[in-house]
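Trainee: Heads up, the sequence shown is in the UniProt record's numbering, so the first residue is 1 and it goes up one at a time.
Shown below is the structure under consideration.
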Amino acid sequence: MKKIGILGSTGSIGTQTLEVVRNNRDIQVTALAAGSNIDLLEQQIREFKPGLAAVWSKEKADDLRIRVRDLPVRVVSGMNGLMEAATKGDVQILVTAVVGMIGIRPTIAAIKAGKDIALANKETLVTAGHIIMPLIRSYHVRLLPVDSEHSAIFQCLNGERENRISRILLTASGGPFRGKTREEMKDIQVEDALKHPNWSMGRKITIDSSTMVNKGLEVMEAHWLFDVSMDEVEVVVQPQSIIHSMVEFEDGAVIAQLGTPDMKLPIQYALYYPQRRYLPGERLDFSKLTEIRFEKPDLENFRGLALAYEAGRTGGSMPTAFNAANEKAVSLFLNRRISYLEITDIIEGAMREHRFISDPGLEEILETEQEVYQYIESRW
Ligand code: NDP
Ligand code: MG
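See below:
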């Protein structure tokens, strides 16, 4: 019986991970962590019987502890609780499905405790990839991508360890506003941006997909995961999300992974790697498909992607400035405090203002995050 922990169990990736567990019956969930949704967390505890549950808010943790006192589960809270869930003795694979840079400390702690990481939480790798990747190697743990594009690339690289990648072709749906100009996007409301054409995901990543900041974060994620430069990762818009990404090798051969858009596939692949398991769901029907379309990404109207390339090429603390500014800006947009186009304006402003550090340690990354937040709060 494989034992796993899930950080962010009440979210989109977290609940789909539990669906995979439910369908397979040979994985035991021993630790769960969530932010504040204790109604759902309580149901999950009753169904999956973990020994440990972490809730970010202390009051909610106190409430949950009373609700589940009939069960042998320990309820913990705050960053210490999250760290405890990440490092629990019997966890073999930790699914990191929290949203945002909050994932950095628990991910590092889990690696040091010898856990394999099934990584959904891309913000952690974007901001601390230079710390995480060497740790993965020195602690001999596996970093298994959950993000669909990175799982696709990982699958394309099976058996290719000795061969040099010449390009990664990272596919993008282009989001709900593909083809629009900035002028046409200026009145976009929260409700419009929360409608993704192909994927149903958490609120933050749905906004990120609409601005193409998500694709920018994914280019940086691919850079760390597959040891390629930013310029070896090319974004290809493929509106139907059927090709999940591709790898081109030195001889010109391109290997792609295709499938219907379903996050349970990359989640299950990470949990059972290198084994494949039956996964219920729709299959691609090529007779109905008739065509797969491609476009070049529009870097002028979707400046978030251009800024991500700039941040990734600069390296050091710049990806943290980019990411922290985006996290703050998206939250301001979701709270209707700024307009849609201000998201990228804020990212650009924060990057221009940022005092660059070439090789930031963990404390400096977290300080950069705070500085960026303060800069944005003082201006917007
Ligand atoms: P959601 O917003 O749906 O879920 C986020 C989860 O994190 C929730 O369980 C939330 O708990 C929890 N959480 C938030 N803050 C804290 C905290 N301080 N302590 C503990 N738990 C916390 O996000 P998604 O599932 O969509 O995304 C998660 C990550 O996966 C992101 O990094 C995203 O970029 C990445 N990803 C997601 C994909 C998707 O299809 N959704 C695809 C590829 C990557 P609560 O709800 O209880 O507050
Ligand atoms: Mg993705």
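By construction, the Cβ of each residue, glycine as well, lies at the ideal position given by its N, Cα and C atoms.
Does the distance between the C-beta of K122 and the nearest non-hydrogen atom of ligand 1 fall short of 6 Å?
Mentor: Yes, the Cβ of K122 comes within 6 Å of a heavy atom of ligand 1.
Trainee: The alpha helix (DSSP H) spanning P319 covers which residue range?
Mentor: Taken as a continuous stretch (DSSP letters only), the alpha helix (DSSP H) holding P319 covers M318 to L334.
Trainee: Whose CA, out of H354, G281, M230 and R355, lies closest to the CA of A306?
Mentor: Comparing Cα-Cα distances from A306 to each of H354, G281, M230 and R355, the minimum goes to M230.
Trainee: What are the boundary residues of the alpha helix (DSSP H) that includes P145?
Mentor: Per DSSP, P145 belongs to no alpha helix (DSSP H); it is in the beta strand (DSSP E), L143 to P145.
Trainee: Since I believe G175 is in contact with S210 (beta carbons under 8 Å), could you give me their beta-carbon distance rounded to a whole number of angstroms?
Mentor: Confirmed, Cβ separation roughly 4 Å.
Trainee: Note down the Cα distance separating N335 from E123, rounded to an integer number of angstroms.
Mentor: Distance between the alpha carbons of N335 and E123: 21 Å.
Trainee: Hey, would you say V146 sits closer than 7 Å to A118, going by beta carbons?
Mentor: Their beta carbons are under 7 Å apart, which means V146 touches A118 by this criterion.
Trainee: Could you pull out every residue in the same chain whose Cβ sits closer than 6 Å to the Cβ of D62, ignoring the five residues on either side in sequence?
Mentor: Contacts found: none.
Trainee: Is the separation between the beta-carbon of D116 and that of K3 shorter than 7 Å?
Mentor: Not in contact: D116 and K3 (Cβ atoms no closer than 7 Å).
Trainee: With a threshold of 6 Å, establish whether the CB of S148 neighbours any heavy atom of ligand 3.
Mentor: Ligand 3 is not part of the structure shown, which contains ligand 1 and ligand 2 as its ligands.
Trainee: Taking 6 Å as the cut-off, does the CB of W380 come closer than this to any heavy atom belonging to ligand 1?
Mentor: Result no, Cβ not under 6 Å from ligand 1.
Trainee: Between which residues of its own chain and G78 is the CB-CB distance below 7 Å, once the five residues before and five after are set aside?
Mentor: Closer than 7 Å at Cβ, skipping near neighbours: W56 and K58.
Trainee: For the segment 208-228 against the segment 174-192, do three or more pairs of beta-carbon atoms, one drawn from each stretch, fall closer than 8 Å, so that the two count as touching?
Mentor: Contact between the segment 208-228 and the segment 174-192 is present, because at least three Cβ pairs lie under 8 Å.
Trainee: Enumerate, from N- to C-terminal direction, the unbroken beta strand (DSSP E) stretches of 3 or more residues contained entirely within the segment 42-87.
Mentor: Counting whole runs of 3 or more residues, the segment 42-87 contains the beta strand (DSSP E) stretches 52-55 and 74-77.
Trainee: Tell me whether F177 sits in a helix, a strand or coil according to DSSP, three-state version.
Mentor: In the structure shown, F177 sits in coil (DSSP, three-state: anything other than H, G, I, E or B).
Trainee: Mind pulling the alpha helix (DSSP H) runs of 4 or more residues that sit fully within the segment 168-221?
Mentor: Correct list: 182-185, 190-193 and 203-211.
Trainee: Would you call K49 buried or exposed, if buried means 16 or more other Cβ atoms sit within 10 Å of its Cβ?
Mentor: Exposed, by the Cβ-count rule.
Trainee: With a cut-off of 8 Å, do at least 3 Cβ pairs link the segment 251-269 to the segment 147-163?
Mentor: They touch, by the three-pair rule.
Trainee: Please indicate yes or no: does the CB of S173 lie closer than 6 Å to some heavy atom of ligand 1?
Mentor: Not under cutoff, so the answer is no.
Trainee: Any heavy atom of ligand 1 closer than 6 Å to the CB of N37?
Mentor: Result yes, Cβ under 6 Å from ligand 1.
Trainee: When DSSP labels each residue in this structure, what does G5 get in the three-state scheme?
Mentor: Three-state result, G5: strand.
Trainee: When burial is assigned at 16 or more other CB atoms within 10 Å of the CB, is I337 buried or exposed?
Mentor: Residue identity differs from the one stated: residue 337 is Arg in this sequence, not Ile. Under this definition R337 is an exposed residue.
Trainee: Who pairs with Q28 in a beta bridge, going by DSSP?
Mentor: Q28 is bridged to K3.
Trainee: Would you decide whether residue 383 is buried or exposed? Buried here means 16 or more other CB atoms lie within 10 Å of its CB.
Mentor: What the structure shows of the chain is the stretch from 1 to 380, and residue 383 is not part of that stretch, so it cannot be assessed.
Trainee: I'd like to confirm the pairing. Which residues does DSSP put opposite E295 in its beta bridges?
Mentor: Bridge partners of E295: V237.
Trainee: Identify whether A351 lies in helix, strand or coil by the three-state DSSP scheme.
Mentor: The amino acid at residue 351 is misidentified as Ala; the sequence shows Met. Looking at M351 - three-state DSSP - the assignment turns out to be helix.
Trainee: Three-state secondary structure (DSSP) at L94?
Mentor: If DSSP states are grouped into helix, strand and coil, L94 belongs with the strands.
Trainee: Could you please give the first and the last residue of the uninterrupted alpha helix (DSSP H) stretch that includes V247?
Mentor: Taken as a continuous stretch (DSSP letters only), V247 belongs to no alpha helix (DSSP H), being part of the beta strand (DSSP E) at I243 to F249.
Trainee: Return the residue from the list G259, A120 and A86 that minimises the CA-CA distance to E221.
Mentor: With distances taken between Cα atoms, E221 lies closest to A120.
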